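Here's what the structure looks like:
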């Protein structure tokens, strides 16, 4: 590429979770400075102080921030969340047009990712979608993920099951690369939370603890707050100290955060958010993760951590042998935790994730750099 500027890859990040997943991609790109330049478009709950203003984590990481685009739903209802998508499109459109990257990178299933992908589609930019083809039937994210895949020109999926599903949806096989989930990169060397980190998060310096992460079921439960209460009561019945991390900015998320704050006490510590590195260390040191976070199904199995997966949010998502599915009933949550703590169950864990082996970042960069941008790429033939 002598004499030409590096390929510009604009990555969209709207949450603490997806930013952490993008970091292995940014790191892999940084090792190829003459070939690719990564910039970040920061939006969504990163810029909402009610969810911890995680934009500070992005800024502190040293990545190139191309723009910060705030869009915040005025309230906590599904209608207000839907209306905020219009604001997201309005906000990111001029940024994407001005940056004019060779590729737009989107990840997962959030509304701001769809907004950016729609803008790129309209102005003729190729879209690379990471972790399409997965399922989470208890959330509207499941449908959003498929909508994003429809806009994408290149699919960078976590496993063969996701690849097959995209083909069933009508995506052409040559557009799909199985690269793994970037959240697994580096986990094989991940130490558990230090005593200092545990104390900073309100946990005892040693001994077992539970990590609790519970998001609203936006396409399932009629009463997410009752579900959260069942989770908290089940955790209390276990007798173990616990750390609860605040939910995503989904419909009902702010009400959940308020309920968590009200529940904080000696038995359960609450943090609105923690940096990705701290979160992974806390997960690695936990006796189990309890709730409905996808990290219980993707990252936790590679770390050998049981996941007591509550309710329907993750229904349909590929599971490893670490997952214990329970309904949102306090007694069932407590029984699930008891099983997770059983030495026989723990000895049987394979420490393998169905989402890859921890080398997704370089694979994603290789796939993008190796894909020619031509008419064949840009003219999609859906369901031929």
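In our numbering, the protein residues as written are 305 to 688. Cβ atoms here follow ideal geometry from the backbone N, Cα and C, with glycine treated the same way. Fair warning: this is a prediction, and the values are worked out from it, not measured in the lab.
Whose C-beta lies closer than 7 Å to the C-beta of residue i among residues of the same chain, with five residues either side of it excluded?
i, result
"residue 397", "423"
"residue 510", "499"
"residue 634", "534, 537, 538 and 541"
"residue 466", "436, 437 and 438"
"residue 595", "516, 517, 518, 535 and 614"
"residue 590", "513, 514, 515 and 609"
"residue 331", "665"
"residue 551", "518, 519, 520, 557, 560 and 561"
Starting from the C-beta of residue i, find all residues in its chain whose C-beta is less than 6 Å away, skip the five residues before and the five after it, and write them out in chain order.
i, result
"residue 451", "418"
"residue 597", "517"
"residue 387", "none"
"residue 457", "430, 431 and 681"
Could you pull the start and end residues of the alpha helix (DSSP H) that residue i belongs to?
i, result
"residue 649", "647-651"
"residue 426", "415-427"
"residue 395", "382-403"
"residue 580", "580-589"
"residue 321", "320-334"
"residue 480", "From DSSP, residue 480 is part of no alpha helix (DSSP H) but of the beta strand (DSSP E) over 480-482."
For residue i and residue j, which I take to be in contact (beta-carbon distance under 8 Å), what is that distance rounded to the nearest angstrom?
i, j, result
"residue 521", "residue 442", "4 Å"
"residue 487", "residue 325", "5 Å"
"residue 366", "residue 392", "Wrong, their Cβ atoms sit about 26 Å apart, outside the cutoff."
"residue 654", "residue 619", "Between residue 619 and residue 654 the Cβ distance is about 22 Å, and since that is not below 8 Å, they are no contact."
Would you tell me roughly how many angstroms separate the C-alpha atoms of residue i and residue j, rounded to the nearest one?
i, j, result
"residue 315", "residue 648", "43 Å"
"residue 306", "residue 338", "Note that residue 306 scores a pLDDT of 49, beneath 50, so its modelled location is shaky; the value from the coordinates is reported in the next line. Cα to Cα, the separation comes out at about 8 Å."
"residue 673", "residue 445", "28 Å"
"residue 459", "residue 434", "6 Å"
"residue 320", "residue 349", "8 Å"
"residue 607", "residue 489", "12 Å"
"residue 447", "residue 354", "26 Å"
"residue 408", "residue 421", "8 Å"
"residue 311", "residue 390", "29 Å"
"residue 663", "residue 411", "16 Å"
"residue 547", "residue 561", "13 Å"
"residue 532", "residue 575", "15 Å"
"residue 583", "residue 425", "34 Å"
"residue 394", "residue 641", "45 Å"
"residue 495", "residue 622", "26 Å"
"residue 636", "residue 678", "54 Å"
"residue 341", "residue 585", "29 Å"
"residue 362", "residue 345", "10 Å"
"residue 549", "residue 351", "18 Å"
Who are the near neighbours of residue i in its chain, counting only those whose CB is closer than 8 Å to its CB and skipping five residues on each side?
i, result
"residue 593", "514, 515, 516, 517, 587, 599, 600, 604, 609, 610, 611 and 612"
"residue 464", "482"
"residue 399", "345, 370, 371 and 373"
Should residue i go down as buried or exposed, given a rule of 16 or more other Cβ atoms within 10 Å for buried?
i, result
"residue 686", "exposed"
"residue 317", "buried"
"residue 557", "buried"
"residue 543", "exposed"
"residue 475", "buried"
"residue 527", "exposed"
"residue 503", "exposed"
"residue 309", "exposed"
"residue 360", "exposed"
"residue 651", "exposed"
"residue 566", "exposed"
"residue 333", "buried"
What are the boundary residues of the beta strand (DSSP E) that residue i is part of?
i, result
"residue 613", "611-614"
"residue 492", "Unbroken run through residue 492: none, as it is neither H nor E."
"residue 407", "407-411"
"residue 595", "592-595"
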